[in-house]
Structure formats: C-alpha cells, structure tokens
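*Asks:* The structure follows.
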Amino acid sequence: MKAARLGSEEVTSPDSISHLPDDLLLRILSLVRTAMSTSLLSKRWKPVWKMMPMLVYDETCPYIGSLGFDLFCGVSLPLHEALKTLNLKLGKYSDSIDTLLFPNIGSNLLEMTINLNYYYGYYTPIKFPNNLNVFKTLFVLKLQGKIVLDVVDSPVCFPSLKILHLTCVDFQCEESFTRFLSACPVLEDFFLQRLCSGGRFLFTISVPPLHRLSITSEPAYYGSDEPRLEISTPCLNYLKIFDRCGYYNFLEDMPKLVEADVSVDMSKNENLLRVLSSVEHLVICLYPSMVFDLTDSLIFNQLLHLELDTYPEDTEDQLYCLGSEPSSVPKCLSFHLENIQWTGYGGTLDEREATAYILKNAHRLMTATIRLQATCMDDGQIIM
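With the UniProt record's numbering, the residue at position 311 of the sequence shown is 311, and numbering never jumps.
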C-alpha cells in the first residue's frame, strides 16, 4: 500500500491491523460504537462484526440509515453468527418487537435486555406470540420502561431462564403476570420494580425453584396504590422488599432463607416476621416503638447480624404497636446475635429502652454500631 513519497523513495505502510487474529479484532470492535460500519473497510473486516458475542442496538444512534430502526434490526440480526448478549434500546413506541425483532434473533442467545425509554404515555406491547427458538436458550432476560406484557394466550416458554428483571413494566392484566412467571420453570433470580398505580393489582409469585427475590416500587406515590402480593417460594435464600404500600402474603414457610432486607408497612404485613425465622442476616426498617415488638418476636434460631433502620413516627401506622419489654429474653438474642447496626437512632424513650435491653441481653454481641438520625433545625442547621 502506497502511503507517501519521501524524496525519491516510496514509503509503504502495511495494513497491520487487518492481519491481527479474530479475537483481537473483536476486542477492537467492542470499543467502536458502530461496529457494523467496519465491514466496509476491506474484505478482511467484512465478516468480523458478525462474530461479536455482544451487540447494542440503539435507536438513538444517528448512523442507522434510511431503513429505520425496526427494518434495520430485521435485516441485520439474522446475519449474526455468534451473538450471545443483545441489548435493545428503543426511543419510541414500537409494535413490531414480537413480529420483526424476535423471529430474527439467532437461537444461541443467552442474555437479552430491552429498554424502552420515552416520555409519552403509550406502552409498547410484548406478547411473546410464538414459542420461538430464541426463548429456549435465554439465560438472562431484562425488560425495562414503557413495556406492557400481554401473555395471557401465549404458548411461550423460557426453559433455560435463570435471571429475570422487570423494571417499571406494566401488565395487561393479573393473568399476564402469572402466566409470564409460570413460563419460567427454572427461574432462580427475580427482580421486580413494580409501577405505582391505582387499584389492588394482585401479583402472584409462585416459583418453587426461586433462590433470590427482590421487590421494590417505583419512586412515586399514589394514595390508592394498594397492591397484593401472594408469594410461594419455598427454596428462597435471599429476600429484599422495599415497598411501603404493598400487602405481602407468604403462602408457605421459607426454611432456606438466609438473608433478608425488608422495608414495609408492618401494620399490613403482620406475618412477615414468621417467614424470616431462619435468617442469619436481617436488615429491617421499623418505627422506634416497634423495636420491642421485634425483639419479642425474635424466633430466629440462626440470627447473627441485625441492622435496624428507624424513622420518625409521623404517619398513621405509627400506632401499630406500643413498645413494652418482652416477658422473656429470646434465645437468638442471648445466644446467637453477634453484630447489630442501628441507623436513624433518634434517642426517643422507646429507642433508649430498646438499646439498653439489647445490649444487656445479647451475651455474644461482638460489635454494635449506632448511627444518629439527622435533625434539621429552624435555622437550617443539621444536628446529628
């Protein structure tokens, strides 16, 4: 290749990059935003992008061309030979995910993320209308944003799916949610960030092999938001709930549960402590007056680490319980508890009495950390 002339001699600049092995070329392409365009460089580069194991299809990318995003995906997706991870980022409503995108994805895909990020009110429907080969190999599926799932009449099945994340996704009806989970027979990790909306939507989570369950609500609040969640997960070993509005009904015990992090309205979830009886690591959010009620309910035979997060009693459910010292010291407090952290300690009478009781009776306690609640004064100063 003639690149320049120096004096009377030609200087040749060989194409050293094209002679690199495929694995190095793929690493280079992973750093390029428009990997497909490199196919125009030379014959050597033409097939390389098809071997990339991970691709991001971003509708906001300005280099898609005149086809439009849906057709662009429909034409290019079948060309991939080794695609394992696919990330779809859509910036506007689409009704062709089921018909144009899914059928063109190769059958070896392991992880798929679909993120619909736009501001107007229409939700993109996904019905999973056919039992496509792509669904048979998926190990991880993450759906986020303006998506409405409608799988009531769908024969879809995800026989290999182990990890499912649903973030602010809507559902056509309660049956759509139930049917979708029932299509995941080996699911082990489920994350749900539910939408806050009016009514009493029933979420039925019956997944016997599930190991990890995390549930949060979107950062919004509606006065009529009172969802019901019925949970049957006997093999669960990790539970996280951050939801002050939901009513949680655990249909059976979870003897394998080791770690739990819960922040709920205890007046709506009185049976919660019962299903936490096997935990070793517990993080729980309470009103100060509930701390004695917690210690009186400590039937946790394995509890080693306890984190309390208390907050001011300024809402109507503060009257859920009035603290009183338990009649007998729970065994887990006397013989098991090794570490305790208390966040939001305000120094109220209930808190002082509960602290003294725990420190007096936790004979195996090795570390105790108390973080004071920040208080804002009238002059704007913050006192710890």
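Heads up, the beta-carbon is just placed ideally off N, CA and C, and yes, glycines get one too.
Note that the coordinates shown come from a computational prediction; the quantities given were computed from them, not determined experimentally.
1. In chain order, what residues of the same chain have a beta carbon less than 6 Å from the beta carbon of Cys285, not counting five sequence neighbours either side?
2. Is it right to say Met290 is buried, meaning 16 or more other beta carbons lie within 10 angstroms of its own, or is it exposed?
3. If Ile231 sits next to Phe250, beta carbons under 8 Å apart, how far is it from one beta carbon to the other, in whole angstroms?
4. Name the two residues that bound the continuous beta strand (DSSP E) containing Ala260.
5. Measuring straight from C-alpha to C-alpha, what distance separates Gly344 and Tyr287?
6. Check the DSSP bridge columns for Glu111 and list the partner residues they point to.
7. To the nearest angstrom, how far is the alpha carbon of Tyr320 from that of Asp265?
8. Could you tell me which uninterrupted beta strand (DSSP E) segments, each at least 3 residues in length, are contained entirely in the stretch 113 to 180, listed from first to last along the chain?
9. Considering only the beta carbon of each residue, do Gly246 and Leu229 sit closer than 9 Å?
10. Identify, in the order they occur along the chain, each residue of the same chain with its Cβ nearer than 8 Å to the Cβ of Leu272, setting aside the five sequence neighbours on each side.
11. For Glu351, does the three-state DSSP call read helix, strand or coil?
12. Looking at Asp98 and Pro125, is the spacing between their C-beta atoms short of 9 Å?
13. For Leu141 and Arg212, what's the separation of their Cα atoms in angstroms?
14. Taking the alpha-carbon of Leu109 as reference, which of Val148, Asn115, Glu338, Leu77 has the nearest alpha-carbon?
15. Report the residue from Ser182, Cys168, Glu175 whose alpha carbon sits nearest the alpha carbon of Leu192.
16. Could you spell out where the alpha helix (DSSP H) holding Leu71 opens and where it closes?
17. What would DSSP say about Ala356, mapped onto helix, strand or coil?
18. For Ile340, does the three-state DSSP call read helix, strand or coil?
19. Between Asp350 and Lys360, what straight-line distance do the alpha-carbon atoms span, to the nearest angstrom?
20. Going by the beta-carbon positions, is the gap between Asp243 and Ser197 smaller than 9 Å?
21. Which residue marks the beginning of the alpha helix (DSSP H) containing Cys332, and which one marks its end?
22. Can you list, in chain order, the residues of its chain whose CB lies under 6 Å from that of Lys92, leaving out five sequence neighbours each side?
23. Have a look at Asp170 and Phe177 and give me their C-alpha separation to the nearest angstrom.
24. Give me the residue from Thr85, Asn269, Glu280, Thr113 with the minimum Cα distance to Val255.
25. Within 10 angstroms of its Cβ, does residue 406 collect 16 or more other Cβ (buried), or is it exposed?
26. Classify Phe190 as helix, strand or coil using the three-state DSSP reduction.
27. Sorted by chain position, which residues of the same chain lie with C-beta nearer than 7 Å to Leu195's C-beta, five sequence neighbours on each side aside?
28. Would you mind reading off the limits of the alpha helix (DSSP H) that contains Val275?
29. If you draw a straight line from the alpha carbon of Pro129 to that of Ile147, how long is it in whole angstroms?
30. Whole angstroms is fine: what's the gap from Phe190's alpha carbon to Asp70's?
31. How long is the line joining the alpha carbons of Gly106 and Gln373, rounded to whole angstroms?
32. Between the Cα of Leu210 and those of Thr216, Pro227, Cys184, Phe203, spot the shortest distance and give me the residue it belongs to.
33. Using alpha carbons as the reference points, say which of Thr233, Leu79, Tyr311, Cys73 lies closest to Ser94.
34. Asn347 to Ile241, Cα distance in whole Å?
35. Mapping DSSP to helix, strand and coil, what is Ser182?
36. Please report the distance separating the alpha-carbon of Met112 from that of Thr233.
*Replies:* In short:
1. Walking along the sequence shown from the start, residue 285 turns up at place 285. Answer for Cys285: Ser263, Asp309, listed in chain order.
2. Here residue 290 corresponds to residue number 290 of the sequence shown, with the count starting at 1. Per the 10 Å Cβ criterion, buried.
3. Walking along the sequence shown from the start, residue 231 turns up at place 231. Walking along the sequence shown from the start, residue 250 turns up at place 250. Contact check for Ile231 and Phe250: beta-carbon distance about 5 Å, within the 8 Å limit, so the pair qualifies.
4. Numbered from 1 along the sequence shown, position 260 holds the residue referred to as residue 260. Element bounds for Ala260: 259 to 264.
5. What you label residue 344 is simply residue 344 of the sequence shown in a count that begins at 1. What you label residue 287 is simply residue 287 of the sequence shown in a count that begins at 1. Each residue's alpha carbon lies about 10 Å from the other.
6. Taking the sequence shown and counting its residues from 1, the one referred to as residue 111 is at position 111. BP columns for Glu111 point to Thr85, Val140.
7. Taking the sequence shown and counting its residues from 1, one reaches residue 320 at position 320. Taking the sequence shown and counting its residues from 1, one reaches residue 265 at position 265. At Tyr320 the pLDDT is 43, less than 50, meaning the model places this residue with poor confidence; the figure from the coordinates comes in the next sentence. One C-alpha to the other measures close to 9 Å.
8. 124 to 126, 140 to 145, 147 to 149, 163 to 167
9. Taking the first residue of the sequence shown as 1, we reach residue 246 at position 246. Taking the first residue of the sequence shown as 1, we reach residue 229 at position 229. Yes.
10. Taking the first residue of the sequence shown as position 1, residue 272 is located at position 272. Excluding positions up to five away in sequence, the list reads Tyr248, Phe250, Val262, Val264, Met266.
11. The residue given as residue 351 occupies position 351 in the sequence shown. Note: Glu351 maps to helix in three-state DSSP.
12. The residue you call residue 125 lines up with position 125 of the sequence shown. The residue you call residue 98 lines up with position 98 of the sequence shown. For Pro125 and Asp98, yes; Cβs fall inside 9 Å.
13. Your numbering for residue 141 matches position 141 in the sequence shown. Your numbering for residue 212 matches position 212 in the sequence shown. For Leu141 and Arg212, the gap between their C-alpha atoms comes out near 15 Å.
14. Reading the sequence shown from its first residue, position 109 is the one you call residue 109. It is Leu77.
15. Within the sequence shown, numbered from 1, the residue matching residue 192 stands at position 192. Checking every option, the nearest Cα to that of Leu192 belongs to Cys168.
16. Here residue 71 is taken as the residue at index 71 of the sequence shown, counted from 1. Looking at the DSSP string, the run of the alpha helix (DSSP H) that includes Leu71 is 69 to 76.
17. Start at 1 with the first residue of the sequence shown, and residue 356 comes out as number 356. In this structure, Ala356 counts as helix in the three-state DSSP scheme.
18. The count along the sequence shown starts at 1 and reaches residue 340 at position 340. DSSP places Ile340 in strand when its eight states are reduced to three.
19. If you number the sequence shown from 1, residue 350 lands on position 350. If you number the sequence shown from 1, residue 360 lands on position 360. Cα-Cα distance, rounded: 15 Å.
20. Start at 1 with the first residue of the sequence shown, and residue 243 comes out as number 243. Start at 1 with the first residue of the sequence shown, and residue 197 comes out as number 197. Contact flag unset, no.
21. Reading the sequence shown from its first residue, position 332 is the one you call residue 332. For Cys332, the enclosing alpha helix (DSSP H) covers residues 331 to 335.
22. The residue given as residue 92 occupies position 92 in the sequence shown. Tyr118.
23. As a working note, residue 170 is residue 170 in the sequence shown. As a working note, residue 177 is residue 177 in the sequence shown. Distance between the alpha carbons of Asp170 and Phe177: 9 Å.
24. Counted from its first residue, the sequence shown places residue 255 at position 255. Before going further, note that residue 255 is Pro rather than Val in the sequence given. Closest option to Pro255, Cα to Cα, is Glu280.
25. A query on residue 406 cannot be resolved here, the shown segment of the chain reaching from 1 to 384 and no further.
26. Taking the first residue of the sequence shown as position 1, residue 190 is located at position 190. Reduced to three states, the DSSP call for Phe190 is strand.
27. As a working mapping, residue 195 is identified with position 195 in the sequence shown. The beta carbon of Leu195 sits closer than 7 Å to the beta carbons of Cys168, Asp170, Glu218 from its chain, once the five residues preceding and following it are set aside; these are given in chain order.
28. What you label residue 275 is simply residue 275 of the sequence shown in a count that begins at 1. Where Val275 is concerned, the enclosing alpha helix (DSSP H) stretches over 272 to 275.
29. In the sequence shown, counting from the first residue as 1, residue 129 sits at position 129. In the sequence shown, counting from the first residue as 1, residue 147 sits at position 147. If you take the alpha carbons of Pro129 and Ile147, they lie about 15 Å apart.
30. Residue 190 sits at position 190 when you count from the first residue of the sequence shown. Residue 70 sits at position 70 when you count from the first residue of the sequence shown. So the two alpha carbons sit approximately 29 Å from each other.
31. What you label residue 106 is simply residue 106 of the sequence shown in a count that begins at 1. What you label residue 373 is simply residue 373 of the sequence shown in a count that begins at 1. Distance between the alpha carbons of Gly106 and Gln373: 54 Å.
32. Residue mapping note: residue 210 aligns to position 210 of the sequence shown, counting from 1. When each option's Cα is compared against that of Leu210, the closest is Cys184.
33. Position 94 of the sequence shown, counting from 1, holds the residue named residue 94. If we check each option's Cα against that of Ser94, Cys73 comes out closest.
34. For the purposes of this step, residue 347 is taken as the residue at position 347 of the sequence shown. For the purposes of this step, residue 241 is taken as the residue at position 241 of the sequence shown. The residue you asked about is not Asn; residue 347 is Gly in the sequence shown. Their Cα atoms are separated by approximately 27 Å.
35. Counting from 1 along the sequence shown, the entry for residue 182 is found at position 182. Three-state result, Ser182: helix.
36. On the sequence shown, position 112 is the one that residue 112 refers to. On the sequence shown, position 233 is the one that residue 233 refers to. Going from the Cα of Met112 to the Cα of Thr233 covers about 25 Å.
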